[in-house]
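If you're matching positions, the sequence shown starts at 1 in the UniProt record's numbering and goes up one per residue.
Taking it in order: structure first as structure tokens, then the write-up.
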Amino acid sequence: MGEEITWTDFEKVELRVGTILAAFDFPKARKPAYQLHIDFGEAFGVLKSSAQITHHYRKEDLVGRQIVAVVNFPKKQIADFMSECLVTGFADEDGHIVLTAVDRTLPNGAKLM
Numbered sequence: 001m002g003e004e005i006t007w008t009d010f011e012k013v014e015l016r017v018g019t020i021l022a023a024f025d026f027p028k029a030r031k032p033a034y035q036l037h038i039d040f041g042e043a044f045g046v047l048k049s050s051a052q053i054t055h056h057y058r059k060e061d062l063v064g065r066q067i068v069a070v071v072n073f074p075k076k077q078i079a080d081f082m083s084e085c086l087v088t089g090f091a092d093e094d095g096h097i098v099l100t101a102v103d104r105t106l107p108n109g110a111k112l113m
């Protein structure tokens, strides 16, 4: 188990639902990844992210999919790309990422409670 946090610590993390608008190959990334453009609604707009999800997902299958991401991390430079949010997922038995998703369509920007 990791370090115990308080409710106040948890409330600082902006975990939001967004819809993937576009997915592009990212050949300059050190590990296989896609560049994603994700709509988080009026409050956050469209944010970009680099995601190492190429093993389980094809670009064309990602468009329109809702995911969960942290939207309040600092931006991170990855090669020539600026990642603006962190797409969340879990590693499978081989270490390949499976996206965190919702089981019903939600408004973009909905916050994890």
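Built from N, CA and C at the ideal position, the CB exists for glycine as well.
Keep in mind it's a predicted model, so treat the numbers as computed, not measured.
Residue range of the alpha helix (DSSP H) that includes residue i
i	result
Gly41	41-44
Asp61	59-62
Residue i burial status per 10 Å Cβ neighbour count (16 or more: buried)
i	result
Asp51	In the sequence on display, residue 51 carries Ala and not Asp. Counting Cβ neighbours within 10 Å, Ala51 comes out buried, since at least 16 surround it.
Phe10	exposed
Ala33	buried
Thr19	buried
Ile5	exposed
Gly64	exposed
Val77	Residue 77 is actually Gln in this sequence, not Val. It counts as exposed.
Phe40	buried
Gly95	exposed
Residue i to residue j span [Cα, whole Å]
i	j	result
Val46	Thr54	21 Å
Ile38	Ala79	19 Å
Ala110	Trp7	19 Å
Pro27	Arg16	27 Å
Val68	Ile97	13 Å
Asn72	Lys31	24 Å
Ala22	Gln66	12 Å
Cys85	Val70	6 Å
Ala43	Val87	17 Å
Met1	Phe24	36 Å
> Which runs of the beta strand (DSSP E), 3 residues or longer, sit entirely within the UniProt domain "TRNA-binding" (9-113)?
Replying inline: Fully enclosed beta strand (DSSP E) runs of no fewer than 3 residues occupy 15-25, 34-39, 46-51, 66-70, 76-78, 81-83, 89-91, 97-99 of the UniProt domain "TRNA-binding" (9-113), in order along the chain.
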